[in-house]
Amino acid sequence: MQSSSLKISFTLFFVVSIIFSTIYTPQAILPVLKQEFHISILQTNLLLSGMLFVLMIATPFYIPIINRFEKKNIMVVCTFFLFISVLISALSTNFYTLLLSRFLQGIFLPGITAIILSYIQEIYAEEHRSMGIGIYMAGTSFGAVIGRLLVGWITFLYSWQKAFLVFAILLAIAFLVTLFTFPKVKKTHHEKKGITTKELLKYISNTKILTALLVPTIVFFSFMAISTFATYHLAQEPFNLNPNEVGNIFLVLILGIFISPLAGKFSGIFGHIKIIFIGIFLLILGIFLTLTNSVNGVIVGIAFVTMGMFCAQSASPSYIFELIPNEKEKIAIVHQTFFYLGGCLGTFLPSILWEYYEYEGVTYFCIFLLLFLITVLSFQRLYNKAE
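Numbering-wise, the working numbering puts 473 at position 133 of the sequence shown, and it's gapless, one number per residue.
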């Protein structure tokens, strides 16, 4: 089935935006939830790190499901159960029920995130596929914004339960849109096999591949660490921002809509590794700027962190695909797994640093990791030239 209609493009953007917003809904209100349930930062951050961990583990299990069932049907079912799990979040009266609902979201999210890109390849005509990918990338960026922004606004005006309820309603609409407007595609007979332990060990024992996999891991680790702990930082002295104001700051994430296609274009011209280096340097610069005692300085810093993350991540898949051109499907799964691993660790490990060194400790650790990444990539590049 091929389609490039405006209707499909609009519905695709809407569904992708709502689905990806689910990942980030608690981030802007983490200080509120910490105070509400009288729990530690480490426990509060499980709402992000725990969900990302489940998402990472669940993704490979969808490969045999994709082989057996039609893609649209999988997405419809998973969107419905995603709606149910967010509704449970809205009805939660204690932390553990809320945490369970987030784990459920991690189980059902890969039913859309692991399928949607290949689905786009089939519903768009060949000459319009790049447009479909662009709409997908724009939807993920926009979803990251509204997931933080709307929850911050609604929590400030009403309550965090009502904020989750609004997203449950949006997911119910996304379910109906997927059910009634997404075209069906013919089920392919090509069987995609999962990654065996032997294959995974083969990949990570190869220094070139392992170095390339460090890019999504460390870059997303740093992005999630800064964007998560900046919310606690901004809720304290000297800022004392409320959830609405913290949510508004995440408007800068909309930069990802523009940076992703530009980075992809320039990586094809100047080389993927150069764009990755530019992204890492932007991240480091942005992290330093968030250490200022000015709200405007922090906003500019988060903007640079956002540009750096999207810059590096846009070039990262192509960089690793060049290393293994004949195993793109398998290495794509490994790449996505390391990406979510970085996000999971980036919201979990810095919690320990925060307890002792607060926000400065988190930032310096991220800068150390990014400098380590630059060093490893530089040595690998010199080694490749010497071969």
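All C-beta atoms, glycine included, are put in the ideal place defined by N, C-alpha and C.
Keep in mind the model is a prediction, meaning the values are calculated, not measured.
Contact between the stretch 437-452 and the stretch 406-417 is defined here as three or more beta-carbon pairs at a separation below 8 angstroms; is this criterion met?
Because the criterion of three Cβ pairs below 8 angstroms is met, the stretch 437-452 and the stretch 406-417 touch.
With contact counted as at least three CB pairs below 8 angstroms, one residue from each stretch, are the stretch 623-632 and the stretch 562-581 in contact?
With a cut-off of 8 angstroms, the stretch 562-581 and the stretch 623-632 count as touching, because enough Cβ pairs lie within range.
Locate the alpha helix (DSSP H) running through P601, then write down its first and last residues.
Residue 601 sits at position 261 when you count from the first residue of the sequence shown. First-last of the alpha helix (DSSP H) with P601: L595 to F610.
Using the three-state DSSP reduction, which class does V559 fall into: helix, strand or coil?
Against the sequence shown, residue 559 aligns to sequence position 219. Looking at V559 - three-state DSSP - the assignment turns out to be helix.
Should P404 be labelled buried (16 or more other beta-carbon atoms within 10 Å of its own) or exposed?
The sequence position of residue 404 within the sequence shown is 64, counting from 1. P404 is exposed by the Cβ-count criterion.
Less than 8 angstroms between the C-beta atoms of I616 and A570, yes or no?
One-based indexing of the sequence shown puts residue 616 at position 276. One-based indexing of the sequence shown puts residue 570 at position 230. No, the pair does not count as a contact, with Cβ atoms beyond the cut-off.
Going by Cα to Cα distance, which pick from W694, F354 and L717 is closest to T518?
Against the sequence shown, residue 518 aligns to sequence position 178. The residue with the shortest Cα to Cα distance from T518 is F354.
What three-state label does DSSP hand H468 in the structure shown?
In the sequence shown, residue 468 corresponds to position 128, counting from 1. H468: helix per DSSP, three-state reduction.
Check the C-beta distance from T677 over to L392 and give it rounded, since I have them as a contact under 8 angstroms.
Translated into the one-based positions of the sequence shown, residue 677 becomes position 337. Translated into the one-based positions of the sequence shown, residue 392 becomes position 52. 11 angstroms between Cβ atoms; not a contact.
Decide if the stretch 607-615 is in contact with the stretch 645-664; the criterion is three or more beta carbon pairs, one per stretch, under 8 angstroms apart.
Yes: the two stretches touch, three or more of their Cβ pairs being nearer than 8 angstroms.
Does the beta-carbon distance from L622 to G641 come in below 8 angstroms?
For this step, residue 622 is matched to residue 282 along the sequence shown. For this step, residue 641 is matched to residue 301 along the sequence shown. Not closer than 8 angstroms, so no.
Can you find the residues in the same chain that come closer than 6 angstroms, C-beta to C-beta, to F705, ignoring five residues on each side of it along the sequence?
Here residue 705 refers to the residue found at position 365 of the sequence shown. L693, listed in sequence order.
Whose C-beta lies closer than 7 angstroms to the C-beta of L439 among residues of the same chain, with five residues either side of it excluded?
Residue mapping note: residue 439 aligns to position 99 of the sequence shown, counting from 1. The answer, listed in chain order, is L386, L387 and G390.
In three-state terms, what does DSSP make of S658?
Here residue 658 is taken as the residue at index 318 of the sequence shown, counted from 1. The answer is helix: DSSP assigns S658 an H, G or I state.
Quick one: what does DSSP say H573 is sitting in, helix, strand or coil?
As a first step, residue 573 is located in the sequence shown; it is residue number 233 there, counting from the start. Note: H573 maps to helix in three-state DSSP.
Give me the Cα-Cα distance between S429 and A603, rounded to the nearest whole angstrom.
Within the sequence shown, numbered from 1, the residue matching residue 429 stands at position 89. Within the sequence shown, numbered from 1, the residue matching residue 603 stands at position 263. So the two alpha carbons sit approximately 36 angstroms from each other.
Give the DSSP-derived three-state secondary structure of H378 in the structure shown.
For this step, residue 378 is matched to residue 38 along the sequence shown. The answer is coil: DSSP assigns H378 none of H, G, I, E or B.
What are the boundary residues of the alpha helix (DSSP H) that includes I664?
Against the sequence shown, residue 664 aligns to sequence position 324. It is not in any alpha helix (DSSP H) - I664 carries neither H nor E in the DSSP assignment.
Is V426 near F496, with beta carbons less than 8 angstroms apart?
Counting from one through the sequence shown, the residue named residue 426 turns up at place 86. Counting from one through the sequence shown, the residue named residue 496 turns up at place 156. For V426 and F496, no; Cβs fall outside 8 angstroms.
Does the beta-carbon of Q342 have 16 or more other beta-carbons within 10 angstroms, so that it is buried, or is it exposed?
Taking the sequence shown and counting its residues from 1, one reaches residue 342 at position 2. Low confidence applies to Q342: its pLDDT is 47, below 50, so where it sits in the model is not reliable, and the reading given next is rough at best. Flag for Q342 reads exposed.
Whose CA, out of L663, E700 and Y543, lies closest to the CA of H612?
Here residue 612 corresponds to residue number 272 of the sequence shown, with the count starting at 1. The shortest C-alpha separation from H612 is found at L663.
In its own chain, which residues sit with a C-beta less than 7 angstroms from the C-beta of V702, not counting the 5 before and 5 after it?
Numbered from its first residue, the sequence shown carries residue 702 at position 362. Around V702: A565, F569, P690, L693 and W694.
Cβ of I406 within 8 angstroms of Cβ of I359?
In the sequence shown, the residue the question calls residue 406 occupies position 66. In the sequence shown, the residue the question calls residue 359 occupies position 19. Not a contact, by the Cβ cut-off of 8 angstroms.
Cα separation between S718 and F679?
To locate residue 718, count along the sequence shown from 1; it is residue 378. To locate residue 679, count along the sequence shown from 1; it is residue 339. Their Cα atoms are separated by approximately 21 angstroms.
State the CB to CB distance for the pair L710 and I639, rounded to an integer number of angstroms; the pair is presumed to be in contact (CB under 8 angstroms).
Your numbering for residue 710 matches position 370 in the sequence shown. Your numbering for residue 639 matches position 299 in the sequence shown. About 20 angstroms separates the two Cβ atoms, so there is no contact after all.
Hey, F650 and G587 are a contact pair by Cβ (cut 8 angstroms); roughly how many whole angstroms apart?
As a working note, residue 650 is residue 310 in the sequence shown. As a working note, residue 587 is residue 247 in the sequence shown. About 20 angstroms separates the two Cβ atoms, so there is no contact after all.
Could you check whether P583 and I381 sit closer than 8 angstroms to each other, using their CB atoms as the reference points?
Along the sequence shown, read from residue 1 onward, the residue named residue 381 stands at position 41. Along the sequence shown, read from residue 1 onward, the residue named residue 583 stands at position 243. Not closer than 8 angstroms, so no.
If you draw a straight line from the alpha carbon of L713 to that of L722, how long is it in whole angstroms?
Translated into positions along the sequence shown, residue 713 becomes position 373. Translated into positions along the sequence shown, residue 722 becomes position 382. Cα-Cα distance, rounded: 14 angstroms.
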